[in-house]
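Same order as they appear, the protein sequences are chains A and B.
In terms of my numbering, the first sequence has 251 at position 251, counting the first letter as 1, and numbering is strictly consecutive.
In terms of my numbering, the second sequence has 9 at position 9, counting the first letter as 1, and numbering is strictly consecutive.
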Amino acid sequence: MNDFIPAFEWQRVMVEPWAENLSTTFWIVLMGFLITAACGLIGNYLILRRMALVGDAISHSVLPGLAIAFLLSHSLNTVPMFIGALGAGIVTTVMIELIHKKTRVKQDSAIGITFSTLFAIGVILISFGQTDAVDLDTECVLYGEIAFVPLDLVKTELGPGMLSVVEKIPGLNSELFLDGNMLTIAPPSVIRMAVVTGVTLLLILVFYKELLVTSFDSGLSSSLGINATVVHYALMGMLSVIIVSAFEAVGAILVIAMLILPGATSSLLAYRLPTMFGITVVHALLSAVGGIHLATWLNCSPAGAMVVAGSALFALAWIFSPSQGLLLRWFGRELDKLDEEEIERLVKGT
Amino acid sequence: MTDSPATNGEDIPLEIHDLTAGYYKKPVLWGIDLQVPKGKLVGIVGPNGAGKSTLIKAIMGLVPPSSGWVKIFGKPYQENRRRVGYVPQRESVDWDFPVTVMDVVMMGRYGHIGWFKRPKKADREIARDCLDKVKMLPFAKRQISNLSGGQQQRVFLARALAQESDIYFMDEPFAGVDAATETAIIALLHELREKGKTLLVVHHDLPTARNYFDQLLLLNMRVVAYGETEEVFTYELLQKTYGGRLTILSEVADAVGQRAK
Chain A
1 MNDFIPAFEW QRVMVEPWAE NLSTTFWIVL MGFLITAACG LIGNYLILRR MALVGDAISH
61 SVLPGLAIAF LLSHSLNTVP MFIGALGAGI VTTVMIELIH KKTRVKQDSA IGITFSTLFA
121 IGVILISFGQ TDAVDLDTEC VLYGEIAFVP LDLVKTELGP GMLSVVEKIP GLNSELFLDG
181 NMLTIAPPSV IRMAVVTGVT LLLILVFYKE LLVTSFDSGL SSSLGINATV VHYALMGMLS
241 VIIVSAFEAV GAILVIAMLI LPGATSSLLA YRLPTMFGIT VVHALLSAVG GIHLATWLNC
301 SPAGAMVVAG SALFALAWIF SPSQGLLLRW FGRELDKLDE EEIERLVKGT
Chain B
1 MTDSPATNGE DIPLEIHDLT AGYYKKPVLW GIDLQVPKGK LVGIVGPNGA GKSTLIKAIM
61 GLVPPSSGWV KIFGKPYQEN RRRVGYVPQR ESVDWDFPVT VMDVVMMGRY GHIGWFKRPK
121 KADREIARDC LDKVKMLPFA KRQISNLSGG QQQRVFLARA LAQESDIYFM DEPFAGVDAA
181 TETAIIALLH ELREKGKTLL VVHHDLPTAR NYFDQLLLLN MRVVAYGETE EVFTYELLQK
241 TYGGRLTILS EVADAVGQRA K
């Protein structure tokens, strides 16, 4: 190969990450998977509601919320950060609505104005915060660093009794979790992301009907007493929390890709919402694993590589989709092969 | 058109008093007074922009009224939601949405199922029955983007049937459907009326309006006329409703001509 692209050595790229750097690889992949799954699940709704741009907006406009929470609490603790993000997400949504409804400015412009303004305010606020002992910098917020995730592991010391119990559990008795009598639980950011992903999944299951009917037919949902506006704000609030918990690892820019790619891929492959969710989760897993190998091969940022892997999966879905794939269009049915029912449908028009 | 509020409105499906409503900065409906008796099939006709859809939406609180009130069986809409079925305009939803025909019909049950809960077997059976009534049961597992316009409308009707309501509001159910579906829909509407349901249907085709409906509401921002079809379907009232719109007027002349035969 040349200087830019290292040679693809099977042993180094595919085996070593799992054999020799298991702990690092495992936590990075798990974090990448959890982020992409949570973003992808909520991203399905963004895509179906044609709100992909709003996801983009909120990923930037949570910044002032974070900065304010940081300045007030002087910490990067989870609770103030979530409250800050939630507040910023709601403010963003309200601002977009206000500008769009109360002026002649169209919705896309309203989104542009809102998120750039809030982001700029966030940048100013962050520069105030840099005098503090704890640092919150723009670099970290914009790009994140998933490679740092495994550096901070929560460990707990086990007594002899507990140790013998834990040693009998097959999955736990490995160098990944057990080091002498120290049990590794997980990096705190992974624990937080796991909780957020779990809650996202739970909320989607519990409010499946409400999310479905407000997304598909807001007229019917309102007539049934399911307030589309309330559901909209709840969705935006959840989105803000997911984005902020993903920040540290992937930053504000790559998180947009993770919001849109899994849903876009699954919409090419599935025609029912539950199937879309399933494909979203598989997409998340494949892009996290694919990303870590790509990153090892090219010696690059794992988060960036995960997004590139996700994009590659989207391209594959586009080519091979059974209903609308490129292959189908090029080699599949031609007009004379359409079945009669289809022709009848075309003649009748939609 | 009567102004006397009933002492007990329980048996009056729809009563509207002095309703004014509209979108931001632009009122569309002015001082609507209306009292619709039970078991009637009522057509709402009027020119484009007359506020036909807005009237339906205002009744259901989807467009906030700036004055006046609406009562459904003697109570505010919010308290009697379950007795109301709604068929929005077919174009108001995205037919590429990843749901099957069955999923859409099941949405009609959501008002009965309530928050947090999942559809039960009984709900599924009702949904199947309703699909069968509109002859769409074989399509239950199809994705909705594979449907023709007429089939889409039947699915919407099945969903409304699944709501098991006492009063129905339908927004242009005949728009862009084939002749067979139009006949099927009108048969279904008559069947519902025989069961004592009250139906208000927005309609844009004057010649058929005369044959389809028991009563007509001629609307052009205000109520121009409301009453039995044979009393209201006159050249003078239709002209008053449609103003000087020539193409419509010739249609009206045709329609009235047919009636004179």
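All C-beta atoms, glycine included, are put in the ideal place defined by N, C-alpha and C.
Predicted model only: the values in this text are computed from it and were never measured.
Inspect the beta-carbon positions of residue 46/A and residue 88/A and report whether they are closer than 8 Å. On the first sequence, residue 46/A is found 46 positions in, with the first residue counted as 1. On the first sequence, residue 88/A is found 88 positions in, with the first residue counted as 1. No, they are not a contact pair.
Using DSSP bridges, identify the partner residues of residue 198/B. One-based indexing of the second sequence puts residue 198/B at position 198. Answer by DSSP bridge pairing, in chain order: 167/B.
Find the nearest neighbour of residue 240/A within the set 330/A, 189/A, 62/A and 248/A, judged by alpha-carbon distance. Taking the first sequence and counting its residues from 1, one reaches residue 240/A at position 240. Out of 330/A, 189/A, 62/A and 248/A, 62/A has the C-alpha closest to the C-alpha of residue 240/A.
Quick one, which residues of the segment 212-233 of chain A are near chain B if we go by CB-CB under 9 Å, in chain order? Result list: 212, 213, 215, 216, 217, 218, 219, 220, 221, 222, 223, 224, 225 and 226.
Rounded to the nearest angstrom, what separates residue 236/B and residue 17/B at their Cα positions? The residue you call residue 236/B lines up with position 236 of the second sequence. The residue you call residue 17/B lines up with position 17 of the second sequence. Distance between the alpha carbons of residue 236/B and residue 17/B is about 26 Å.
Is residue 27/A helix, strand or coil when you go by DSSP? Position 27 of the first sequence, counted from the first residue, corresponds to residue 27/A. Residue 27/A: helix per DSSP, three-state reduction.
Name, please, each residue of chain A whose Cβ falls closer than 9 Å to the Cβ of residue 113/B. One-based indexing of the second sequence puts residue 113/B at position 113. Close to residue 113/B, with beta-carbon spacing below 9 Å, are these residues of chain A in chain order: 209.
Quick one: is the Cβ of residue 267/A within less than 7 Å of any heavy atom of the ligand SAM? Among the ligands in the structure shown, none appear at all, so the ligand SAM cannot be discussed.
Across the segment 176-188 of chain A and the segment 148-165 of chain A, are there enough close Cβ pairs to call them in contact, namely three or more that are closer than 8 Å? Output reads yes: the segment 148-165 of chain A touches the segment 176-188 of chain A.
With contact counted as at least three CB pairs below 8 Å, one residue from each stretch, are the segment 29-41 of chain A and the segment 232-247 of chain A in contact? Yes: the two stretches touch, three or more of their Cβ pairs being nearer than 8 Å.
Our contact map puts residue 252/A next to residue 79/A with C-beta atoms below 8 Å; I'd like the distance itself, whole angstroms only. In the first sequence, the residue the question calls residue 252/A occupies position 252. In the first sequence, the residue the question calls residue 79/A occupies position 79. Contact doesn't hold; Cβ gap of about 21 Å is too wide.
Of all the residues that make up the segment 254-286 of chain A, which are near chain B by a beta-carbon distance shorter than 9 Å? Going along the segment 254-286 of chain A in chain order, one finds 266, 267, 270, 271, 272, 273, 275 and 276 with a Cβ nearer than 9 Å to chain B.
Can you give the Cα-Cα distance for residue 226/A and residue 234/A, rounded to whole angstroms? Taking the first sequence and counting its residues from 1, the one referred to as residue 226/A is at position 226. Taking the first sequence and counting its residues from 1, the one referred to as residue 234/A is at position 234. Roughly 13 Å separates the two Cα atoms.
Report yes if the C-beta distance between residue 382/A and residue 99/B is below 8 Å; otherwise report no. Given a span of 1 to 350 for chain A in the structure shown, any question on residue 382/A remains unanswerable.
Pick out whichever of 228/A, 205/A and 206/A has its Cα sitting closest to the Cα of residue 213/A. Residue numbering aside, residue 213/A sits at position 213 when the first sequence is read from its first letter. Ranked by how close their Cα comes to the Cα of residue 213/A, the residues 228/A, 205/A and 206/A have 228/A in first place.
Given that residue 99/B touches chain A, what residues does it touch there, using C-beta distances under 9 Å? What you label residue 99/B is simply residue 99 of the second sequence in a count that begins at 1. In chain order: 212, 216, 271, 272 and 273.
Would a check of beta-carbon distances place residue 261/B closer than 8 Å to chain A? As a first step, residue 261/B is located in the second sequence; it is residue number 261 there, counting from the start. At residue 261/B the pLDDT is 47, less than 50, meaning the model places this residue with poor confidence; the figure from the coordinates comes in the next sentence. Not one chain A Cβ lies under 8 Å of residue 261/B.
At least one CB of chain B closer than 8 Å to the CB of residue 206/A: is that the case? Locating residue 206/A in the first sequence gives position 206, where the first residue counts as 1. Chain B contact via Cβ: present.
Below 8 Å between beta carbons is the criterion; list the residues of the segment 38-49 of chain A that meet it against any residue of chain B, in chain order. Within the segment 38-49 of chain A, the qualifying residues are 48.
Between 217/B, 242/B, 229/B and 232/B, which lies nearest to residue 33/B when the distance is taken from Cα to Cα? Start at 1 with the first residue of the second sequence, and residue 33/B comes out as number 33. If we check each option's Cα against that of residue 33/B, 217/B comes out closest.
Spatially closest choice to residue 221/B from 172/B, 149/B, 9/B and 55/B, by CA coordinates: Taking the second sequence and counting its residues from 1, one reaches residue 221/B at position 221. Selected option, being the one with the closest Cα: 55/B.
Identify every residue that forms a DSSP beta bridge with residue 36/B. The residue labelled residue 36/B in the question sits at position 36 within the second sequence. Looking at the DSSP output, residue 36/B shares a beta bridge with 14/B.
Within the 8 Å Cβ cut-off, does residue 73/B reach chain A? Within the second sequence, the letter at position 73 stands for residue 73/B. Chain A has no Cβ within less than 8 Å of the Cβ of residue 73/B.
In three-state terms, what does DSSP make of residue 45/A? The residue given as residue 45/A occupies position 45 in the first sequence. Here residue 45/A carries a helix assignment [DSSP, helix/strand/coil].
With 8 Å set as the bound, which would you pick, yes or no: does the beta-carbon of residue 157/B sit closer than that to a beta-carbon of chain A? Here residue 157/B is taken as the residue at index 157 of the second sequence, counted from 1. Interface annotation, residue 157/B: not in contact with chain A, CB-CB separation never under 8 Å.
Which stretch, first to last residue, makes up the alpha helix (DSSP H) that contains residue 18/A? In the first sequence, residue 18/A corresponds to position 18, counting from 1. Per DSSP, residue 18/A belongs to the alpha helix (DSSP H) from 16-19.
Residues in the segment 36-55 of chain B with C-beta within 7 Å of chain A's C-beta atoms, listed in sequence order? Sequence-ordered contacts of the segment 36-55 of chain B with chain A are nonexistent [C-beta pairs closer than 7 Å].
Report yes if the CB atom of residue 320/A is closer than 8 Å to the CB atom of residue 261/A, and no otherwise. The residue labelled residue 320/A in the question sits at position 320 within the first sequence. The residue labelled residue 261/A in the question sits at position 261 within the first sequence. Not closer than 8 Å, so no.
Within 10 angstroms of the Cβ of residue 14/B, are there 16 or more other Cβ atoms? Answer buried if so, exposed if not. Working through the second sequence from its first residue, we reach residue 14/B at position 14. Burial is judged here by how many other beta carbons sit within 10 angstroms of a residue's own beta carbon; residue 14/B has at least 16 and is buried.
Starting from the beta carbon of residue 110/B, find every residue of chain A whose beta carbon is closer than 9 Å, and list them in chain order. Stepping through the second sequence from its first residue, residue 110/B is reached at position 110. Contact note: residue 110/B reaches chain A through 209, 210, 212, 213, 220, 221, 224 and 226, using a C-beta cutoff of 9 Å and chain order.
Does the distance from the C-beta atom of residue 279/A to that of residue 296/A stay below 8 Å? If you number the first sequence from 1, residue 279/A lands on position 279. If you number the first sequence from 1, residue 296/A lands on position 296. It is not a contact, given that the beta carbons lie outside the stated cut-off.
So, under 8 Å CB-CB, residue 111/B and residue 82/B are touching, yes? Tell me the CB distance rounded to an integer number of Å. Your numbering for residue 111/B matches position 111 in the second sequence. Your numbering for residue 82/B matches position 82 in the second sequence. Going by Cβ atoms, the distance from residue 111/B to residue 82/B rounds to 6 Å, so yes, they are a contact pair.
By Cβ distance below 7 Å, which residues in the same chain neighbour residue 30/B in space, the five residues on each side in sequence not counted? Residue 30/B sits at position 30 when you count from the first residue of the second sequence. Only residues of its own chain outside the window of five on either side were considered, and among them 20, 221 and 222 have a CB closer than 7 Å to the CB of residue 30/B, listed in chain order.
Can you say whether residue 64/A is buried or exposed, counting buried as having 16 or more other CB atoms within 10 angstroms of its CB? As a first step, residue 64/A must be located in the first sequence, where it is residue number 64. With 16 or more other Cβ atoms within 10 Å, it is buried.
By the 10 Å Cβ neighbour count, where 16 or more other Cβ atoms means buried, how is residue 185/A classified, buried or exposed? Looking up residue 185/A in the first sequence gives position 185. Counting of Cβ neighbours within 10 angstroms places residue 185/A among the exposed residues, the total staying below 16.
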